[in-house]
Amino acid sequence: METWIAQLPAILAAIALLMGLGALLVLPFRVGRLALVALAPVAGVAVIAVLAIVYGWIGVPWSLPWILAGSVAFVAIMWAVSLVLGRAERGERAQVPVAWILLAGLAVGVILGALRIGFYIGDADAVSQTNDAVFHLNALRYAQETGDVSSFGLSAVIGSTAFYPAAWHAVVLAVAELSGADLPAAINAVSLVISTAIWVPGIAWLTREAMQRARPERSIVAAGFAGALAPALLAFPLLMLQWGVLYPNALSVALIPAAATLVLVMPEWSRGDGMALRRARPVVVIVMLSAAAVAIGLAQPAGLLAWLLLAVSILTWNVLNRATADDHPSRLSTVLQLAAVWGVGGLIWFAVARTGPGSHWGTFETEWGALLDLLTNGLVDLPMQIVMSVLMVVGLIFAVRVEGLRWLATGWLGLGLLYFVAAAIDRAGVRDYLIGPWYADPYRLAALLPLVVVPLAAVGLTWIVFAIVDRFLRTERRAWAPWGALVSIAAVGGVLLVTVPVTQLPLITEGITEEQSRYAIDDKTYLSTDERELLERLPEILPPGSRVIGNPSTGMGFAFALSGVDAIPRTWSPPSGDDWTTLAEGLRDVGENPEVCDALAAFDNPEFVIDFGPGETTAGRFKMPGFTGFAGQPGFELVDSVGDASVWRITAC
Numbered sequence: 284m285e286t287w288i289a290q291l292p293a294i295l296a297a298i299a300l301l302m303g304l305g306a307l308l309v310l311p312f313r314v315g316r317l318a319l320v321a322l323a324p325v326a327g328v329a330v331i332a333v334l335a336i337v338y339g340w341i342g343v344p345w346s347l348p349w350i351l352a353g354s355v356a357f358v359a360i361m362w363a364v365s366l367v368l369g370r371a372e373r374g375e376r377a378q379v380p381v382a383w384i385l386l387a388g389l390a391v392g393v394i395l396g397a398l399r400i401g402f403y404i405g406d407a408d409a410v411s412q413t414n415d416a417v418f419h420l421n422a423l424r425y426a427q428e429t430g431d432v433s434s435f436g437l438s439a440v441i442g443s444t445a446f447y448p449a450a451w452h453a454v455v456l457a458v459a460e461l462s463g464a465d466l467p468a469a470i471n472a473v474s475l476v477i478s479t480a481i482w483v484p485g486i487a488w489l490t491r492e493a494m495q496r497a498r499p500e501r502s503i504v505a506a507g508f509a510g511a512l513a514p515a516l517l518a519f520p521l522l523m524l525q526w527g528v529l530y531p532n533a534l535s536v537a538l539i540p541a542a543a544t545l546v547l548v549m550p551e552w553s554r555g556d557g558m559a560l561r562r563a564r565p566v567v568v569i570v571m572l573s574a575a576a577v578a579i580g581l582a583q584p585a586g587l588l589a590w591l592l593l594a595v596s597i598l599t600w601n602v603l604n605r606a607t608a609d610d611h612p613s614r615l616s617t618v619l620q621l622a623a624v625w626g627v628g629g630l631i632w633f634a635v636a637r638t639g640p641g642s643h644w645g646t647f648e649t650e651w652g653a654l655l656d657l658l659t660n661g662l663v664d665l666p667m668q669i670v671m672s673v674l675m676v677v678g679l680i681f682a683v684r685v686e687g688l689r690w691l692a693t694g695w696l697g698l699g700l701l702y703f704v705a706a707a708i709d710r711a712g713v714r715d716y717l718i719g720p721w722y723a724d725p726y727r728l729a730a731l732l733p734l735v736v737v738p739l740a741a742v743g744l745t746w747i748v749f750a751i752v753d754r755f756l757r758t759e760r761r762a763w764a765p766w767g768a769l770v771s772i773a774a775v776g777g778v779l780l781v782t783v784p785v786t787q788l789p790l791i792t793e794g795i796t797e798e799q800s801r802y803a804i805d806d807k808t809y810l811s812t813d814e815r816e817l818l819e820r821l822p823e824i825l826p827p828g829s830r831v832i833g834n835p836s837t838g839m840g841f842a843f844a845l846s847g848v849d850a851i852p853r854t855w856s857p858p859s860g861d862d863w864t865t866l867a868e869g870l871r872d873v874g875e876n877p878e879v880c881d882a883l884a885a886f887d888n889p890e891f892v893i894d895f896g897p898g899e900t901t902a903g904r905f906k907m908p909g910f911t912g913f914a915g916q917p918g919f920e921l922v923d924s925v926g927d928a929s930v931w932r933i934t935a936c
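Residue numbers (the numbering used here): 284 to 936.
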């Protein structure tokens, strides 16, 4: 707790950047308070990601003055546009205690979500002990030193020129610039805000607008329940901060609820319902949808397909519902509209899938087992979550029966199908084009299910609460129903604390129960306490401009990120080729084998080598005996050590 209090400036900076900046961008359009809170991070991420690209192109460094200048410019443009489109009018305020129902639900979700993430991460400056964390931290350090965090420049950290979505990296660096926090603290502050301030109001707004089209009088209650239930599932956001670690995916998925809600409210807002502008409302809606596409796509492009799936579900039922409401429906018109929705959606999916990474993962479950996973929310070997699953099934029943909610049911089927294919369908073509954009990784696909499971569970709980009210309260006493909903939300918070303790670590990956958080550090973890101490001392013990080399399957992979010293490799995956093989197998023999010096020359002659042991052979890691055991070997001179961790000067070359 003390470390999180100490890093409060970083947390406040993340809130200011993601929520404050975004609120200033959306506020002039007066879209309603919950919509404002939900859309703020979408706008904030879009602006930060675009600024990073523009600055990268024109050579402007990613620094606090330029971040502030660009943000002010975007805010000024939005306010100018709102003035041109007409003065906004204040909407009606929700009645008390109705407003308190929503606030209570959001508070429960934010508090429980913050506790869960905080307890899992542990210290506010902890480093995730995972393969992807090596790349992300090194990429952040590279961008910090070069001033370029553009999606078209970030991959240069590993010598590549390929596009790499860098919205998350731009946000983290902006938080570090704004607060002065070090990179691990800035990362964890952003993770906390993603899991609470972005995810919770986004899922609440989605649920409110969904219920508004089915049972308007119950929409605020449903939104309150959704906010309270938002942190209940293990599949998101916690899984994305454990597995991988998949920071960009976490940001992308957290933005999808608000983006999906934009599709839901698009018809009403285009007509002027819910948006207090006099002119050009469709243009504003298009701009907002574009901003959502930019934010999600530059965080993690695969998120666009999850959003597309939900959008197709929403638009399909819009077409069918209009045809049902029409006294003289035109079958041809309905068919053409459906063909347009599915045709455009299919083309977009095909285009993205063709450029995607493809299917890298195999199946791991039987078809019946995958179906059981979906029904019990025990995805990827996570513990079954019975309470949420019962509420989800009740919500599914209600959604199928009620016209305005059927898109939620088909959305669940669509996202469930993606997971089902990843878990149980072993057909290469199907996997490549259906789930290839997610690498066919069941963990990434499992994280998408809460997008619909949480709203369905909230709908189910709302149905149950109102059924009880209708059954036991006489008409003249139903004014007490909102207060009953408040009590229900408090009960939800209590049930979640009991059934899903925030300090529990029930996460399971690859069939192995985690004994401790992947952010925990001790003498046996990927990056040990001694190794981190030595890496952070490198700038003091090595001459300026030094270059170091080592085995990235040890904590050495974090060398560049934690020290700023020029270190290779800068990702968990070692370089390929004979030169690296020579070093991996025989660097310690440099005093006896002249070929080793030639191999070192291929990597710009590093003068120092880090010895953190031989490494390991778990997924994505390798044993390299050439990078350890330098004591007593000719051609090496000890520079410094902490415990078993040491750094050596290479004197033989």
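Just so it is clear, CB atoms sit at the ideal spot from N, CA and C, and this is done for glycine as well.
The structure presented is a predicted model; accordingly, all values stated were derived computationally and were not measured.
Counting other Cβ atoms within 10 Å of its Cβ, A705 reaches 16 or more and is therefore classed as buried. DSSP, reduced to helix, strand and coil, places A902 outside both helices and strands of the structure shown, so it counts as coil. The straight-line gap separating the alpha-carbon atoms of V635 and V566 is approximately 26 Å. Residue P738 holds the alpha-carbon nearest to the alpha-carbon of G507 among P908, P738 and P877.
Counting along the chain, I832 sits inside the beta strand (DSSP E) bounded by residues R830 to I832. Under the three-state reduction of DSSP output, E875 falls in the coil class, being neither helix nor strand. Rounded to whole angstroms, the gap between the alpha carbons of I486 and D862 is 51 Å. Partner residues in the beta bridge of R932, as assigned by DSSP, are F891 and E920. Taken through DSSP and simplified to helix, strand or coil, V320 comes out as helix. Residues of the same chain with a CB within less than 6 Å of the CB of W600, apart from the 5 flanking positions on each side, are R689 and W690 in chain order. The secondary-structure analysis by DSSP pairs D849 across a beta bridge with R830. Short of 6 Å from the beta carbon of A469, and not among the five residues preceding or following it, lie these beta carbons of its own chain, in chain order: A293, V455, V458 and A459. DSSP places V925 within a strand segment (E or B) once states are collapsed to three. A distance below 7 Å between beta-carbons, with the five flanking residues on each side excluded, links S596 to the following residues of its chain, in chain order: W690, T693, G694 and G697. Annotated three-state conformation of A803 is coil, per DSSP.
Less than 8 Å divides the Cβ of S642 from the Cβ of G719. For N660, the three-state secondary structure derived from DSSP is coil. Spatial neighbours of L588 in its own chain (CB-CB distance under 7 Å, excluding positions within 5 residues in sequence) are listed in chain order as W632, V635 and P720. When the Cα atoms are used, A299 and V330 turn out to be separated by approximately 14 Å.
M675 and Q412 have their C-alpha atoms some 34 Å from each other. Sequence-distant Cβ neighbours of L921 in its own chain, meaning closer than 7 Å and more than five residues away, are S929 and W931. DSSP places W482 in the uninterrupted alpha helix (DSSP H) bounded by W482 to Q495. DSSP places L512 within a helical segment (H, G or I) once states are collapsed to three. Annotated as proximal: L825 and V848, with beta-carbon spacing under 8 Å. Judged by beta-carbon spacing, L319 lies beyond the 8 Å limit of L307, meaning their Cβ atoms are not closer than that value. A straight line joining the alpha-carbon of G629 with that of A297 spans about 36 Å. In this structure, the alpha-carbon of L420 lies about 41 Å from that of A382. A Cβ-Cβ distance of about 25 Å is found for the pair S829 and E875, leaving them out of contact under the 8 Å criterion. Here L615 is exposed: its Cβ has fewer than 16 other Cβ atoms, across all protein chains shown, within 10 Å.
Counting along the chain, L538 sits inside the alpha helix (DSSP H) bounded by residues Y530 to R554.
Taking C-beta atoms as the reference points, A509 and G687 fail to come closer than 8 Å. As the crow flies, the alpha-carbon of W590 is around 44 Å from that of P897. Here Q583 carries a coil assignment [DSSP, helix/strand/coil]. In this structure, M839 places its C-beta atom within 8 Å of the C-beta atom of F895.
For D862, the enclosing alpha helix (DSSP H) starts and ends at D861 to G869. About 4 Å separates the beta carbon of A450 from that of A582, a gap short enough to meet the 8 Å contact definition.
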